[in-house]
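Engineer: Sharing a structure with you now.
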Amino acid sequence: MKTRVQGVRRSLVGGSLWSLLFLLPAIAPADWLVLQTGERIETKGAWTVKGKQVVYTTPEKLLRSLRLSEVNLEASTQASAVEPASKKKLYVDMGEAPDVANVKPPAEFNILNAWIANPNAPRVSGSVSSPTLRASETDLTREGMRILQDPGAVQDELMQEAEQIDAQYARCVEVNSKLGQSGQCSEDYSRSKTALTERVREIYAAVNTVRRQQQTEAQMLAEDAAETRRIDQERAAEEAEAKRLEEEAARKHESPPR
Numbered sequence: 000m001k002t003r004v005q006g007v008r009r010s011l012v013g014g015s016l017w018s019l020l021f022l023l024p025a026i027a028p029a030d031w032l033v034l035q036t037g038e039r040i041e042t043k044g045a046w047t048v049k050g051k052q053v054v055y056t057t058p059e060k061l062l063r064s065l066r067l068s069e070v071n072l073e074a075s076t077q078a079s080a081v082e083p084a085s086k087k088k089l090y091v092d093m094g095e096a097p098d099v100a101n102v103k104p105p106a107e108f109n110i111l112n113a114w115i116a117n118p119n120a121p122r123v124s125g126s127v128s129s130p131t132l133r134a135s136e137t138d139l140t141r142e143g144m145r146i147l148q149d150p151g152a153v154q155d156e157l158m159q160e161a162e163q164i165d166a167q168y169a170r171c172v173e174v175n176s177k178l179g180q181s182g183q184c185s186e187d188y189s190r191s192k193t194a195l196t197e198r199v200r201e202i203y204a205a206v207n208t209v210r211r212q213q214q215t216e217a218q219m220l221a222e223d224a225a226e227t228r229r230i231d232q233e234r235a236a237e238e239a240e241a242k243r244l245e246e247e248a249a250r251k252h253e254s255p256p257r
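According to numbering that gives the first Met the number 0, the sequence shown is numbered sequentially starting from 0.
Right, dumping it as structure tokens:
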């Protein structure tokens with residue numbers, strides 16, 4: 000039994016935070032959103048495409064939205080038609096080590112650092128208007144500036160937190176598996192995973208806020224520069240015309256008509 004438990008632990012930890020989603024037992028049908036990264040998000044009721052956003056309600060009855068470019072619509076439609084819903088109380092069978100060989104590896108947290116360095120890279124949704132964010136734009140700006148000062152440190156912080164969640168789950172399973180009470184471990188794991196996901200979204204929202212302000216400032220500077228060039232060009236044209244008229248008048252004065 001100990002060998003089997005260790006096998007489960009290695010498989011779950013090696014599969015990182017998101018692999019637990021693939022171990023849930025089958026129950027009633029559900030609606031799902033499948034992201035371009037392969038991550039699945041369960042929704043309460045059908046999700047809706049509104050312009051460039053996909054709007055949905057979480058099982059906790061919270062209104063959320065994602066960028067349309069982040070969602071694999073075809074896979075989401077298929078998943079909503081055939082995949083079961085998750086249970087509120089999770090349970091992992093400790094009798095057999097789960098087969099995670101075919102589970103698509105999730106996107107790593109270093110995509111955050113990559114996006115901070117490259118604003119054009121794919122990003123996680125999040126904005127001041129998001130219902131999940133309660134921070135003011137001033138707070139988001141302050142947080143975004145802090146992140147941009149040392150994005151590597153923020154990435155390390157997220158990675159350490161993810162590793163701690165995996166380690167805590169592994170310890171919990173090892174202690175409780177013999178008693179057949181590992182369900183609570185899965186619930187704690189799911190809550191921690193959700194909290195970490197929200198933290199990542201808040202980080203993206205903060206950086207988005209700073210990027211948006213930087214773009215606005217850059218646009219204003221560009222417009223000011225363009226206006227300055229226009230005024231300088233008009234002034235130069237006026238001066239050139241005035242000089243031409245003066246020279247023409249001087250020539251007429253030097254050569255009066257006979």
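Quick reminder that beta carbons are idealized off the backbone N, C-alpha and C, glycines included.
Fair warning: this is a prediction, and the values are worked out from it, not measured in the lab.
Using three-state DSSP, classify L32 as helix, strand or coil.
Structural biologist: Locating residue 32 in the sequence shown gives position 33, where the first residue counts as 1. Reduced to three states, the DSSP call for L32 is strand.
Engineer: Just to confirm my understanding: we take V209, look at its own chain, exclude 5 residues before and 5 after, and list those with CB closer than 7 Å. What are they?
Structural biologist: For this step, residue 209 is matched to residue 210 along the sequence shown. Cβ neighbours of V209 beyond the five flanking positions: T140, G143, M144 and L147.
Engineer: Only counting the same chain, and skipping five residues up and downstream in sequence, which positions put a Cβ closer than 7 Å to that of K43?
Structural biologist: For the purposes of this step, residue 43 is identified with residue 44 of the sequence shown, where counting begins at 1. Cβ within range, chain order: T56, T57, P58 and K60.
Engineer: By the 10 Å Cβ neighbour count, where 16 or more other Cβ atoms means buried, how is L220 classified, buried or exposed?
Structural biologist: For the purposes of this step, residue 220 is identified with residue 221 of the sequence shown, where counting begins at 1. The residue in question, L220, is exposed, as its Cβ has fewer than 16 Cβ neighbours within 10 Å.
Engineer: Exposed or buried, which one is D223 when buried takes at least 16 other CB atoms within 10 Å?
Structural biologist: By 1-based counting over the sequence shown, the position of residue 223 is 224. Exposed, by the Cβ-count rule.
Engineer: Mapping DSSP to helix, strand and coil, what is E59?
Structural biologist: Within the sequence shown, residue 59 is the residue found at index 60, counting from 1. Of the three classes helix, strand and coil, the one that applies to E59 here is coil, per DSSP.
Engineer: Please classify V99: does DSSP put it in a helix, a strand, or coil?
Structural biologist: Walking along the sequence shown from the start, residue 99 turns up at place 100. Low confidence applies to V99: its pLDDT is 41, below 50, so where it sits in the model is not reliable, and the reading given next is rough at best. If DSSP states are grouped into helix, strand and coil, V99 belongs with coil.
Engineer: Name, in chain order, the residues that DSSP records as bridge partners for T42.
Structural biologist: What you label residue 42 is simply residue 43 of the sequence shown in a count that begins at 1. Answer is D30, bridged to T42.
Engineer: Once DSSP output is grouped into helix, strand and coil, what is the label at K51?
Structural biologist: Counting from one through the sequence shown, the residue named residue 51 turns up at place 52. It is coil, neither helix nor strand.
Engineer: I need the DSSP call for S64, collapsed to helix, strand or coil.
Structural biologist: Counting from 1 along the sequence shown, the entry for residue 64 is found at position 65. Strand at S64.
Engineer: Quick check: the Cα distance between Q52 and E201, rounded to an integer number of angstroms?
Structural biologist: The residue you call residue 52 lines up with position 53 of the sequence shown. The residue you call residue 201 lines up with position 202 of the sequence shown. About 18 Å.
Engineer: Would K192 be called buried (16 or more neighbouring beta carbons within 10 Å of its own) or exposed?
Structural biologist: For the purposes of this step, residue 192 is taken as residue 193 along the sequence shown, with counting starting at 1. When all chains shown are included, K192 counts as buried.
Engineer: Can you give the Cα-Cα distance for D165 and A225, rounded to whole angstroms?
Structural biologist: For the purposes of this step, residue 165 is identified with residue 166 of the sequence shown, where counting begins at 1. For the purposes of this step, residue 225 is identified with residue 226 of the sequence shown, where counting begins at 1. Roughly 54 Å separates the two Cα atoms.
Engineer: Whole angstroms is fine: what's the gap from A45's alpha carbon to G37's?
Structural biologist: One-based indexing of the sequence shown puts residue 45 at position 46. One-based indexing of the sequence shown puts residue 37 at position 38. When rounded, the distance between both Cα atoms is 19 Å.
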